[in-house]
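Visitor:
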Amino acid sequence: MLDLTPRDGVAQRHALVINPAKTCQPVGAVYAALGVHRCMPHSHGSQGCVAFHRMYLTRHFKEPAMASTSAFTEGASVFGGGANLKTAIRNVFDLYDPDVMAIHTTCLSETIGDDLHSYLSDIEVPEGKHVIYCSTPSYVGSHIWGFASMTEGFVKQAAQKSGVATGRLALFPGFVNPGDMREYKRLMGQFGIRYTMLPDTSGVFDAPMTGTFELYPKGGTRFEDIVRLGDAAHSIALGEAASERPASQLQRDHRVSSEVMGLPIGVVATDVFVSALSRFSGEPVPYAIEEERGQVVDIMLDAQQYFKSRRVAIYGDPDTVLGIASLCLELGMVPSMMVTGSPMPTFQARASALLDGYGLADQCWAQDKADLFELHQRIIQGPVDLLVGGTHGKQIARAEDIPFVRAGFPIMDRYVHSYMPLVGYRGAMRLIELMSNALMDRQDRDCSDEDFEMVM
Ligand code: SF4
Numbered sequence: 003m004l005d006l007t008p009r010d011g012v013a014q015r016h017a018l019v020i021n022p023a024k025t026c027q028p029v030g031a032v033y034a035a036l037g038v039h040r041c042m043p044h045s046h047g048s049q050g051c052v053a054f055h056r057m058y059l060t061r062h063f064k065e066p067a068m069a070s071t072s073a074f075t076e077g078a079s080v081f082g083g084g085a086n087l088k089t090a091i092r093n094v095f096d097l098y099d100p101d102v103m104a105i106h107t108t109c110l111s112e113t114i115g116d117d118l119h120s121y122l123s124d125i126e127v128p129e130g131k132h133v134i135y136c137s138t139p140s141y142v143g144s145h146i147w148g149f150a151s152m153t154e155g156f157v158k159q160a161a162q163k164s165g166v167a168t169g170r171l172a173l174f175p176g177f178v179n180p181g182d183m184r185e186y187k188r189l190m191g192q193f194g195i196r197y198t199m200l201p202d203t204s205g206v207f208d209a210p211m212t213g214t215f216e217l218y219p220k221g222g223t224r225f226e227d228i229v230r231l232g233d234a235a236h237s238i239a240l241g242e243a244a245s246e247r248p249a250s251q252l253q254r255d256h257r258v259s260s261e262v263m264g265l266p267i268g269v270v271a272t273d274v275f276v277s278a279l280s281r282f283s284g285e286p287v288p289y290a291i292e293e294e295r296g297q298v299v300d301i302m303l304d305a306q307q308y309f310k311s312r313r314v315a316i317y318g319d320p321d322t323v324l325g326i327a328s329l330c331l332e333l334g335m336v337p338s339m340m341v342t343g344s345p346m347p348t349f350q351a352r353a354s355a356l357l358d359g360y361g362l363a364d365q366c367w368a369q370d371k372a373d374l375f376e377l378h379q380r381i382i383q384g385p386v387d388l389l390v391g392g393t394h395g396k397q398i399a400r401a402e403d404i405p406f407v408r409a410g411f412p413i414m415d416r417y418v419h420s421y422m423p424l425v426g427y428r429g430a431m432r433l434i435e436l437m438s439n440a441l442m443d444r445q446d447r448d449c450s451d452e453d454f455e456m457v458m
């Protein structure tokens with residue numbers, strides 16, 4: 003397994019990515035669009051692109067990911083896809099009757115210079131229907147950029163200010179699972195906060211089996227609520243890489259104040275989020291939430307001997323990696339490697355700030371725009387006790403015989419993960435359980451018979 007990874011150092015590369023820790027921009031754009039109720043994502047490019055985007059999401063969520071395409075062939079690739087887009091908009095509204103189409107570009111349509119803004123200014127959209135668009139060239143950025151671009155597109159093109167305040171909190175949840183979004187909603191509900199969360203994939207990618215196929219499941223942010231975002235009282239952006247842009251757009255366009263914070267993974271980051279909810283609502287933190295926090299701290303104390311000074315390598319989306327690293331530090335672990343394939347100019351600075359707080363900055367390596375091939379080489383040079391990330395790391399885990407915890411995106415070889423939160427105090431409990439089980443299973447596997455304990 004991965005026998006060709008050099009074992010004698012870390013090879014320097016500048017123009018080649020091997021085993022990327024990211025995927026293409028439209029995957030994120032489709033995910034964001036599917037978090038809007040009765041929205042059909044539309045890929046302005048070839049059929050092969052949208053097949054990939056849908057497949058990628060379906061493999062992670064184990065649910066169908068609907069999206070349409072401009073179906074470029076040779077003609078559109080040479081002369082431009084304007085005619086294809088016009089036909090597609092007519093057909094999609096006629097056949098599938100969405101309330102809104104969310105159009106993103108692809109490498110092909112970007113390379114030939116298709117201008118969605120000018121095309122759309124000439125295309126008639128049926129009465130009462132809406133079209134949102136964004137640019138997602140996949141030779142730059144990542145799925146996180148695509149997610150941010152589509153969310154920003156909804157804010158920029160749909161949100162309005164009527165002057166009648168809604169008193170609502172605008173929550174930009176970050177690139178997280180439906181289980182995380184449900185956890186945000188549960189926490190906001192405990193403070194009695196009225197909110198609009200954009201996007202909201204709960205009830206879409208975790209919709210129940212009813213025996214009837216629903217093209218548009220019950221979940222998703224209502225378009226009319228997106229329109230009212232301009233009248234929101236405040237916004238919170240969770241995850242700088244995925245959520246800062248839509249929050250800034252809302253602030254620029256409609257002067258809705260905003261706070262940007264990390265994903266609430268771990269006790270400290272969840273404290274920051276819960277405090278923000280308390281400030282916004284004007285309510286003290288309810289006992290039920292304090293109780294959960296106390297339970298997490300108790301669990302951390304109970305299991306601390308299994309985590310202390312263990313070296314962990316974490317890879318995946320930047321906001322998720324920083325969040326998981328924060329929890330690992332709270333547990334006494336050393337996040338010796340933190341890797342994201344997504345570009346995030348502040349990634350190293352954010353990682354350093356986290357590590358500095360524990361005096362560990364000089365023992366750890368954090369890098370954006372990196373790949374799993376480099377991570378593998380570095381693990382060979384400086385072994386770790388635990389590997390945490392999406393499915394694409396399983397070959398490294400097998401090759402180097404490292405305990406492996408699947409967390410983040412994508413997870414294509416397991417079930418249930420998208421229903422279970424990583425955020426909030428409950429998410430911290432789940433991550434601690436997953437990581438401690440992995441470490442203790444390894445101890446059970448490797449120990450001698452006389453040390454094979456029933457009680458740990
Ligand atoms: S060609 Fe570009 S947009 Fe299409 S699937 Fe590949 S990376 Fe994504």
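Position 420, counted from 1, in the sequence shown is what the working numbering calls 422; the numbers after and before it change by one each time, with no gaps. The C-beta atom is built at its ideal place from N, Cα and C for all residues, glycine as well. None of the values given here were measured: they were computed from a predicted structure.
Please report the straight-line C-alpha distance between D101 and Q159, rounded to a whole angstrom.
Guide: Between D101 and Q159, the C-alpha separation is close to 15 Å.
Visitor: Using CA atoms only, rank isn't needed, just tell me which of I381, H236, Y218, K220 is closest to R170.
Guide: R170 has its Cα closest to that of H236, out of I381, H236, Y218, K220.
Visitor: Would the C-beta of A384 count as close to the ligand SF4, meaning under 7 Å from any of its heavy atoms?
Guide: Correcting the residue type first, residue 384 is Gly in the shown sequence and not Ala. Answer for G384: no, Cβ out of range of the ligand SF4.
Visitor: Looking at the structure shown, is S450 part of a helix, part of a strand, or coil, going by DSSP?
Guide: Here S450 sits in coil by DSSP.
Visitor: Please go through the region 328-378 and give each complete beta strand (DSSP E) segment of 3 or more residues, from N-terminal end onward.
Guide: Those beta strand (DSSP E) runs which fall completely within the region 328-378 and span 3+ residues are 336-341, 367-369.
Visitor: From the DSSP output, in three-state form, read off Y417 for me.
Guide: In this structure, Y417 counts as coil in the three-state DSSP scheme.
Visitor: Report the start-end ranges of each alpha helix (DSSP H) in the region 65-112 that is 4 residues or longer and not cut off at the edges.
Guide: Complete alpha helix (DSSP H) runs here, min 4: 76-81, 84-98.
Visitor: Would you say T108 touches the ligand SF4, meaning its beta carbon is less than 7 Å from a heavy atom?
Guide: Yes; taking the cut-off as 7 Å, the Cβ of T108 has a heavy atom of the ligand SF4 nearer than that.
Visitor: Hey, would you say E39 sits closer than 8 Å to G221, going by beta carbons?
Guide: Per the sequence presented here, residue 39 reads as His, with Glu not at that position. Result yes, Cβ atoms of H39 and G221 sit closer than 8 Å.
Visitor: Mapping the DSSP letters down to three states, classify R400 as helix, strand or coil.
Guide: Residue state, collapsed to three classes: helix.
Visitor: At what residues does the alpha helix (DSSP H) containing G155 begin and finish?
Guide: It spans 145-160 - the alpha helix (DSSP H) in which G155 sits, taken as one unbroken run.
Visitor: Could you tell me if Q162 is buried or exposed, where buried requires 16 or more neighbouring beta carbons within 10 angstroms of its beta carbon?
Guide: It counts as exposed.
Visitor: Helix, strand or coil for E261? Go by DSSP, reduced to three states.
Guide: Three-state DSSP puts E261 in a strand.
Visitor: Keeping to the same chain, check which residues put their C-beta closer than 8 Å to that of Q350; ignore five residues upstream and five downstream.
Guide: If we look at Q350 and ignore the five residues flanking it on each side, its Cβ neighbours are A368, Q369, D370.
Visitor: In three-state terms, what does DSSP make of G325?
Guide: G325: helix per DSSP, three-state reduction.
Visitor: Along the chain, where does the alpha helix (DSSP H) that runs through S245 open and close?
Guide: S245 -> alpha helix (DSSP H) spans 242-256.
Visitor: Which class does V274 belong to by DSSP, given the choice of helix, strand or coil?
Guide: Helix, per DSSP.
Visitor: What do you get for G77, buried or exposed, if any count of 16 or more other CB atoms within 10 angstroms of its CB means buried?
Guide: Exposed, since its Cβ has fewer than 16 Cβ neighbours within 10 Å.
Visitor: Provide the residue span of the alpha helix (DSSP H) that contains A34, from first to last.
Guide: Segment 27-36, the alpha helix (DSSP H) holding A34.
Visitor: Alpha helix (DSSP H) containing L309: first to last residue?
Guide: Contrary to the premise, residue 309 reads as Phe rather than Leu in this sequence. It spans 289-309 - the alpha helix (DSSP H) in which F309 sits, taken as one unbroken run.
Visitor: Could you say if the region 380-395 and the region 7-18 meet the contact criterion of at least three C-beta pairs nearer than 8 Å?
Guide: Touching, yes, given that three or more Cβ pairs across the two stretches are closer than 8 Å.
Visitor: What are the partner residues of C136, as DSSP defines its beta bridges?
Guide: C136 is bridged to H106.
Visitor: Note the first and the last residue of the continuous beta strand (DSSP E) segment covering A315.
Guide: It spans 313-317 - the beta strand (DSSP E) in which A315 sits, taken as one unbroken run.
Visitor: Give the DSSP-derived three-state secondary structure of S438 in the structure shown.
Guide: Helix.
Visitor: Distance check for T168 and S120, CA to CA, integer angstroms please.
Guide: Taking the straight line joining both Cα atoms gives about 33 Å.
Visitor: Relative to the alpha-carbon of M508, which residue among A35, F63, S48, L436 has its alpha-carbon at the smallest distance?
Guide: Lying before the first or after the last residue shown, residue 508 is absent from the chain, which here runs from 3 to 458.
Visitor: Quick check on DSSP: helix, strand or coil for T212?
Guide: Reduced to three states, the DSSP call for T212 is coil.
Visitor: Could you tell me if the beta carbon of G47 falls within a distance shorter than 7 Å of some heavy atom in the ligand FAD?
Guide: Absence of the ligand FAD is noted for the structure shown, with the ligand SF4 being the only ligands found.
Visitor: Three-state secondary structure (DSSP) at Y58?
Guide: Three-state DSSP puts Y58 in a helix.
Visitor: For C330, is the beta carbon positioned less than 7 Å from some heavy atom of the ligand SF4?
Guide: False, no ligand heavy atom lies under 7 Å from that Cβ.
Visitor: Quick one, which of D233, V457, G84 has its alpha-carbon nearest G115's?
Guide: Among D233, V457, G84, the Cα nearest to that of G115 belongs to G84.
Visitor: Which whole-angstrom value describes the C-beta separation of I301 and G391, a residue pair presumed to lie in contact below a C-beta threshold of 8 Å?
Guide: Their Cβ separation, rounded to whole angstroms, is 22 Å, which puts I301 and G391 out of contact at 8 Å.
Visitor: Taking C-beta to C-beta, are V298 and V269 nearer than 8 Å?
Guide: Cβ atoms of V298 and V269: closer than 8 Å.
Visitor: Take N179 and list the residues in its own chain whose beta-carbon comes closer than 6 Å to its own, dropping the five residues that flank it on each side.
Guide: Result list for N179: S420, in chain order.
Visitor: Would DSSP call T198 helix, strand or coil?
Guide: T198 falls in the strand class under three-state DSSP.
Visitor: Got a sec, what are the start and stop residues for the beta strand (DSSP E) F411 sits in?
Guide: Element bounds for F411: n/a, residue is neither H nor E.
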